[in-house]
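Under the working numbering, the first residue of the sequence shown is numbered 7, with each subsequent residue one higher.
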Amino acid sequence: MAWDFFHGSAESSAERDIPLLFRYVEDRDIWRWALHQSKEVNAGASMAIPTPRPGKLVSPHKDFEKIRKVFEDGEAGVKRLAELGSVITRYEDSLVRRAVRSASKRRLKLAPEEVAYVVNSTVLASDIGNALAMRALKEDSEVSYALIASYQPRSKGWGISLRSLYGNPAAPNAADVSKIANKYGGGGHRAAAGMRANICDLESLFVEEEEK
């Protein structure tokens with residue numbers, strides 16, 4: 007969308023002449039994963055492209071030059087990112103598996119009709135959420151979405167990501183997580199949404215039931 011805004015739109019990505027790395031970023035953003043080694047390339051890009059710390063802008067000179075070089079290198083640059091990302095993705099996969107194993111089934115007080123797999127993680131919310139949704143599809147039809155919570159000390163509250171397989175014909179009971187997020191002042195899409203809880207005790211959000 008940003009590329010189309012600044013460069014004009016066209017019928018196809020080829021006609022728009024979108025940089026190859028942009029296509030990989032889009033591939034992850036819409037959770038399509040259709041491009042070759044997309045997961046590795048995106049993981050490599052997360053390391054190669056400077057990310058500003060909270061409250062600090064990207065350096066207009068040094069950081070921009072690094073970003074420009076990554077985008078201008080085309081296929082050769084993407085190949086290097088894939089090589090870098092292959093190691094990262096193996097580690098990330100291990101973190102996702104560990105989080106999935108630790109999940110508990112809970113119900114939110116404002117959405118007691120839906121059962122969630124709940125985990126606490128400060129990283130990889132989308133990956134963990136998708137893995138939990140797939141686990142529910144394969145192992146437990148009672149679970150309709152995933153909830154990934156992360157405590158944020160600066161704001162003394164919790165950032166909460168919600169994920170489901172809503173819209174997937176294989177998961178007819180998947181929750182519309184945007185409706186759940188809206189009940190807590192959040193928002194998002196039907197299969198991916200988020201919200202905040204300005205409390206210290208996350209447990210107070212849940213119905214006192216299910217497994218501990």
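Using N, Cα and C, we set each Cβ at its ideal position, and we do this for glycine too.
### Query
Quick one: Cα of GLY173 to Cα of ALA109, how far?
23 Å
### Query
Can you list the beta strand (DSSP E) stretches of 3 or more residues lying completely in the stretch 163-190, in chain order?
163-169
#### Entry: DSSP state of GLU215 mapped onto helix, strand, coil
coil
### Message
Could you tell me the alpha carbon to alpha carbon distance between ALA117 and HIS13, rounded to whole angstroms?
### Response
43 Å
### Query
Just how far apart, CA to CA, sit ALA187 and ALA176?
23 Å
### Task
Since I believe ALA181 is in contact with GLU297 (beta carbons under 8 Å), could you give me their beta-carbon distance rounded to a whole number of angstroms?
The requested residue 297 does not occur in the structure, where the chain is confined to residues 7 to 218.
### Segment contact, 8 Å Cβ cut-off, at least three pairs: the stretch 81-93 with the stretch 131-148
no
### Query
Roughly how many angstroms separate the alpha carbons of TYR157 and VAL213, rounded to a whole number?
20 Å
### Query
Near THR40, what residues of its chain come up, given a Cβ to Cβ distance below 8 Å and the 5 sequence neighbours on each side ignored?
Per the sequence presented here, residue 40 reads as Ala, with Thr not at that position. ASP33, listed in sequence order.
### Task
Spatial neighbours of ILE154 within its chain, please: CB distance less than 6 Å, with the 5 preceding and 5 following residues excluded, ordered by chain position.
VAL125, SER127, ALA131, ILE134, GLY135 and SER167
### Query
What are the partner residues of SER156, as DSSP defines its beta bridges?
GLY165
### Task
Could you name the residues that DSSP lists as bridge partners for SER147?
The partner list for SER147 (beta bridge, DSSP) is empty, contrary to what the question assumes.
### Task
In the DSSP assignment, find the alpha helix (DSSP H) that holds ASN126 and state where it starts and stops.
ASN126 -> not in any alpha helix (DSSP H); beta strand (DSSP E) instead, spanning 117-126.
### Message
Less than 7 Å between C-beta atoms, sequence neighbours within five positions excluded: which residues of the same chain meet that for ALA105?
### Response
VAL125, SER127 and ILE134
### Message
Measuring straight from C-alpha to C-alpha, what distance separates GLU148 and ALA8?
### Response
39 Å
### Task
Please say whether GLU98 and ALA49 have beta carbons closer to each other than 8 Å?
yes
### Task
Pull up the CB-CB distance for GLY163 and ARG103, whole angstroms please, since I reckon it's below 8 Å.
With 8 Å as the limit, GLY163 and ARG103 do not qualify as a contact, their Cβ atoms being about 28 Å apart.
### CA nearest to the CA of GLU71, picked from ALA82, ALA54 and ALA142
ALA54
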